[in-house]
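Asker: Each protein sequence line maps, in turn, to chains A and B.
Numbering (my numbering) for the first sequence: 117 to 520.
Numbering (my numbering) for the second sequence: 117 to 520.
There are 2 protein chains.
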Amino acid sequence: MFGVGLLGHGTVGSAFASLLPQHAARIERVTGLRPELSGVLTRSRGSFEEILAGSDLIVELIGGIEPARGYLLRALAAGRHVVTANKQLLSQYGEELWDAARANGVQLRFEGAVAGVVPVIRVLQEALAGATIDRVHGIVNGTTNFVLTEMARTGMTFAEALRQAQSLGYAEADPSEDVDGRDAAAKMAILARLAFDTPVHLDQVRYEGIEQIQTDDLEYARELGLHLKLIGTAERIGKGLSVRVHPAFLYPGHPLATVTGPFNAVTVESEAITEVTMSGPGAGGPQTASAVLGDVISAMIPPASTPPTSEMLAIVEDVVSAFYLHLEVADEPGVLAQVARVLADRGVSVKSVVQKGLGDQARLVMVVHPVLESQFTAAREDIAALAVLRAPPRAIRVLEEEFG
Amino acid sequence: MFGVGLLGHGTVGSAFASLLPQHAARIERVTGLRPELSGVLTRSRGSFEEILAGSDLIVELIGGIEPARGYLLRALAAGRHVVTANKQLLSQYGEELWDAARANGVQLRFEGAVAGVVPVIRVLQEALAGATIDRVHGIVNGTTNFVLTEMARTGMTFAEALRQAQSLGYAEADPSEDVDGRDAAAKMAILARLAFDTPVHLDQVRYEGIEQIQTDDLEYARELGLHLKLIGTAERIGKGLSVRVHPAFLYPGHPLATVTGPFNAVTVESEAITEVTMSGPGAGGPQTASAVLGDVISAMIPPASTPPTSEMLAIVEDVVSAFYLHLEVADEPGVLAQVARVLADRGVSVKSVVQKGLGDQARLVMVVHPVLESQFTAAREDIAALAVLRAPPRAIRVLEEEFG
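1) Can you tell which of L244(A), V451(A), A217(A) and S437(A) has the C-alpha that lies nearest to the C-alpha of S465(A)?
2) Mapping the DSSP letters down to three states, classify G258(A) as helix, strand or coil.
3) Quick one: does T374(A) have its CB under 7 Å from some CB of chain B?
4) From the DSSP output, which residues share a beta bridge with A364(B)?
5) Which residues in the same chain as H442(B) place their Cβ atom closer than 6 Å to its Cβ, once the five residues preceding and following it in sequence are excluded?
6) Please report the distance separating the alpha-carbon of P397(B) from that of E385(A).
7) Give a yes or no on whether the minimum CB-CB distance between P402(A) and chain B is below 7 Å.
8) Residue range of the beta strand (DSSP E) that K355(B) falls in?
9) Looking at the structure shown, is E391(A) part of a helix, part of a strand, or coil, going by DSSP?
10) Measuring alpha carbon to alpha carbon, tell me which of L310(A), G348(A) and E266(A) ends up nearest D296(A).
11) Might you give, ordered along the chain, the residues of its own chain that have their beta carbon closer than 8 Å to the beta carbon of E387(B), omitting 5 neighbours on each side?
12) Between which two residues does the alpha helix (DSSP H) containing Y336(B) stretch?
13) Compare the Cα-Cα distances from G354(A) to each of F274(A), V222(A), E433(A) and A302(A) and report the closest residue.
14) L357(B): which of A216(B), M394(B) and D313(B) sits nearest, CA to CA?
15) So, does the segment 407-415 of chain A touch the segment 120-138 of chain A, judging by three or more C-beta pairs under 8 Å?
16) Between V359(B), R360(B) and Y209(B), which has its C-alpha nearest G179(B)'s C-alpha?
17) Contact criterion: CB-CB distance below 7 Å. Does R352(B) meet it with respect to chain A?
18) Under a Cβ-count criterion, where at least 16 other Cβ atoms within 10 Å of its own Cβ denotes burial, should D319(B) be classed as buried or exposed?
19) Could you please give me the residues that DSSP links to N380(B) through a beta bridge?
20) I think E324(B) touches H362(B), with their Cβ atoms under 8 Å apart; what is that distance to the nearest whole Å?
21) What's the C-alpha gap between S283(B) and A289(B)?
22) Verify the contact flag: V233(B), CB atom, against every heavy atom of the ligand ZN, threshold strictly below 6 Å.
23) Measuring straight from C-alpha to C-alpha, what distance separates D333(B) and R298(B)?
24) Could you confirm whether any beta carbon from chain A is found closer than 7 Å to the beta carbon of I413(B)?
25) Beta carbon of S207(B), beta carbon of I306(B): below 7 Å?
26) Can you give me the start and stop residues for the beta strand (DSSP E) that F583(B) sits inside?
27) Under 9 Å Cβ-Cβ, which residues of chain A neighbour H139(B)?
28) Hey, could you find the ends of the alpha helix (DSSP H) Q204(B) is sitting in?
29) Please classify G473(B): does DSSP put it in a helix, a strand, or coil?
30) Using 8 Å as the Cβ pair cut-off and three pairs as the minimum, do the segment 258-271 of chain A and the segment 334-345 of chain A touch?
31) What is the residue span of the beta strand (DSSP E) that V239(B) lies within?
32) For the putative contact between A217(B) and A193(B), defined by C-beta atoms under 8 Å, what is the C-beta separation to the nearest angstrom?
33) Look at the alpha carbon of L505(A) and the alpha carbon of I499(A), and state the distance between them as a whole number of angstroms.
34) Which residues of the segment 383-399 of chain A have a Cβ closer than 7 Å to any Cβ of chain B? Give them in chain order.
35) Hey, how far is the Cα of T273(B) from the Cα of I389(B)?
36) Determine whether the beta carbon atoms of V175(B) and V199(B) lie at a separation below 7 Å.
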């Protein structure tokens with residue numbers, strides 16, 4: 117018998133509680149031990165102390181910082197393995213928890229915290245342990261990917277697509293942490309910690325959301341042959357590390373360009389291995405519960421915990437990006453020349469430009485070559501100050517095509 | 117110190133030998149042990165007995181059945197962990213080797229045997245241990261995927277594309293096991309064993325290759341909006357299991373449709389998790405060496421070996437497929453009616469049909485709805501016997517669209 121104590125009984129928790137007994141016989145065959153639910157803690161019922169006393173492993177599916185953090189520290193200190201899907205907690209108190217796991221010789225597993233059943237945690241921790249990773253790109257928030265897919269497919273506005281996501285269960289009643297990029301930022305902090313062996317706190321991740329995306333950005337994207345995604349990036353830059361989340365256009369050959377709807381996907385790049393991409397349903401009770409159960413099974417077979425960090429890559433703020441730049445301009449001669457001069461003065465080089473519309477519909481839509489973001493921001497501010505601009509400039513990053 | 121004995125020093129072996137010292141310090145940090153190459157056995161140099169005596173783990177990269185099988189059985193019997201990338205050996209003598217590993221309480225790992233650095237073995241063994249798998253689809257041979265991609269992209273013939281693959285290093289001097297599907301069949305036998313917990317021998321995998329694919333099959337595919345791939349399938353059918361490899365058309369929404377060039381990809385489907393897809397470079401020395409090194413690191417951290425099989429799903433021969441059917445026919449009235457009657461008599465239902473060309477270029481190209489392959493084969497034989505046929509009918513399976 118192997119006692120599994122469950123903290124939390126929401127969507128994922130209840131899916132896990134029904135999955136465990138279905139697989140108990142098979143797990144016993146693989147591990148030699150039969151897992152059994154030794155207790156469930158809900159908001160109104162159960163005692164943490166009693167559950168802890170009767171469990172070999174604690175599954176935490178409460179979410180948020182407290183009381184989850186306190187429970188897990190007590191469980192680890194008591195020598196219990198821990199499985200959690202809590203991305204907020206790990207992206208803010210991960211080092212504290214990993215230290216506690218190592219100090220007590222127990223495991224702390226968290227496959228369900230990022231990309232649901234897509235096994236990106238395990239792959240970074242184990243399969244790619246023999247590779248030096250250069251970059252991780254991820255679509256790690258299913259809500260925003262669904263919203264962007266629907267906006268592109270139907271021409272809906274952001275608000276309409278978000279309402280549809282809510283009615284289909286792909287967005288929560290309060291979707292603010294999804295749409296503003298903070299949820300994806302927490303997940304990228306965890307992936308960056310594993311890929312680059314450097315402590316990364318959520319506060320060190322720059323993030324932008326998709327609330328500002330306009331339907332016509334997606335129309336121009338289609339004309340330019342691009343796909344718009346909310347992309348998380350963690351990349352080694354010299355001796356530094358940049359971790360960020362922002363909307364970005366992808367060229368069609370990019371492995372993340374075809375990831376649609378509520379799916380998640382992560383691409384890991386390394387010189388030795390080129391790239392590995394993993395994709396699948398990002399969340400949902402049964403999927404996350406399946407990832408949690410995979411962790412429980414692994415914890416029943418003794419391997420190591422997350423090792424201490426040894427790298428201390430500096431966090432890089434200013435990185436090189438290509439940009440799409442959308443300008444609502446006066447319909448008069450010399451506008452393009454003025455804009456081009458500002459860009460040239462800031463060292464920003466134009467890759468392609470389209471002039472569209474007449475009169476008060478006149479627009480300049482362009483893609484510029486990769487440039488330091490600080491340079492681009494300065495150019496954008498200069499352009500915003502031009503008298504010929506009818507509205508603030510809009511800019512979206514473009515991921516350069518790097519894949520055959 | 118952790119002694120790693122290396123058997124074989126070809127492309128993968130030499131890449132591994134140079135990778136190991138590069139990562140030794142990092143591996144020591146993770147595992148507490150420093151791995152060192154304790155000996156290398158090549159065709160002309162080294163003694164297996166001496167290498168075995170000085171090693172904690174044996175890496176086998178010789179390939180083929182003997183002497184690899186003998187060496188690995190001796191290594192396992194001597195209590196050494198084993199890491200191998202030998203798909204031929206595992207698809208024919210896997211049970212013998214896994215039994216020996218379990219009997220001696222050591223690990224036998226083989227991530228490099230299927231899809232290079234794409235961590236499909238580990239994901240099936242560990243991450244998806246909590247899921248009941250319904251089906252595995254894979255593009256598991258990079259040579260054939262490169263050839264089909266080039267044929268589609270340039271209009272080259274099979275022979276021309278194969279020569280190009282050879283000149284770029286994507287095909288071996290003797291590519292017969294790649295192009296006839298046997299290499300993919302060996303890999304699918306291994307994946308089926310893990311996904312369905314049933315012993316599967318290479319001889320139980322039906323396979324067809326791509327030698328018969330014509331350039332115009334790819335042209336019609338483009339017109340129909342389809343992608344042609346060499347697809348391996350392992351699927352649960354009632355209480356049975358079908359494992360097979362054949363060319364198949366994919367609809368654009370399929371997660372494997374966009375896998376191009378020498379890449380590999382595997383999709384795992386399960387009711388609970390929907391699907392997970394993994395893709396990346398399928399082979400190449402550095403990629404496979406990286407997968408092998410990941411296995412070595414995992415073996416240094418003690419977990420369990422492949423458990424004994426407990427399922428005994430029957431191997432199913434006759435399965436349901438949709439088909440593309442290409443007929444070179446006489447240009448005369450009533451041909452379509454004759455063909456349609458034969459199909460109807462055999463219970464084969466037409467989904468779409470195109471008549472093309474005139475005179476001795478006249479063709480009927482159709483897609484039929486899913487039907488038992490034995491029924492379709494009977495209909496195809498009846499059609500071949502019609503006097504209006506100018507050449508033997510050509511047929512290629514079509515994977516039905518099942519993904520949003």
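Backbone N, C-alpha and C fix where the C-beta goes; we use that ideal spot for every residue, glycine too.
Answerer: Well, looking at it:
1) If we check each option's Cα against that of S465(A), S437(A) comes out closest.
2) Reduced to three states, the DSSP call for G258(A) is helix.
3) Chain B contact via Cβ: present.
4) Paired residues: K345(B) and R513(B).
5) So the qualifying residues of the chain are V481 and R510.
6) Cα to Cα, the separation comes out at about 11 Å.
7) Yes, because at least one Cβ of chain B sits closer than 7 Å to the Cβ of P402(A).
8) Annotation for K355(B): no beta strand (DSSP E) segment contains it, and DSSP assigns it neither H nor E.
9) E391(A) falls in the strand class under three-state DSSP.
10) Of the candidates L310(A), G348(A) and E266(A), G348(A) places its Cα closest to the Cα of D296(A).
11) Setting aside the 5 residues that flank it on each side, E387(B) is surrounded in the same chain by T248 and D250, each with a C-beta closer than 8 Å to its C-beta; the list follows chain order.
12) Y336(B) -> alpha helix (DSSP H) spans T331 to L340.
13) That would be E433(A), whose Cα lies nearest to the Cα of G354(A).
14) The shortest C-alpha to C-alpha distance from L357(B) to any of A216(B), M394(B) and D313(B) is the one to D313(B).
15) Touching, per the Cβ criterion.
16) Ranked by Cα distance from G179(B), the first of V359(B), R360(B) and Y209(B) is Y209(B).
17) No, no contact with chain A.
18) Exposed is the call here.
19) Under DSSP, N380(B) shares a beta bridge with G396(B).
20) E324(B) to H362(B), Cβ: 4 Å. Contact.
21) C-alpha separation (whole angstroms): 9 Å.
22) The ligand ZN is not part of this structure, which contains no ligands at all.
23) Distance between the alpha carbons of D333(B) and R298(B): 22 Å.
24) The C-beta of I413(B) comes closer than 7 Å to at least one C-beta of chain A.
25) Closer than 7 Å, so yes.
26) Because chain B is modelled from 117 through 520, residue 583(B) falls outside the range shown and cannot be assessed.
27) In chain order: A245, G246, A247 and T248.
28) From DSSP, the alpha helix (DSSP H) with Q204(B) extends over K203 to A219.
29) Coil.
30) Yes, since at least three Cβ pairs between the segment 258-271 of chain A and the segment 334-345 of chain A fall closer than 8 Å, the two stretches touch.
31) According to the DSSP assignment, V239(B) belongs to no beta strand (DSSP E) but to the alpha helix (DSSP H) extending over V236 to Q241.
32) About 10 Å; that fails the 8 Å criterion.
33) In this structure, the alpha-carbon of L505(A) lies about 8 Å from that of I499(A).
34) Listed by position, the residues of the segment 383-399 of chain A near chain B (Cβ gap below 7 Å) are A388, I389, T390, E391, V392, T393, M394, S395, G396 and P397.
35) Those two C-alpha atoms are separated by around 40 Å.
36) Judged by their CB atoms, V175(B) and V199(B) are nearer to each other than the 7 Å cut-off.
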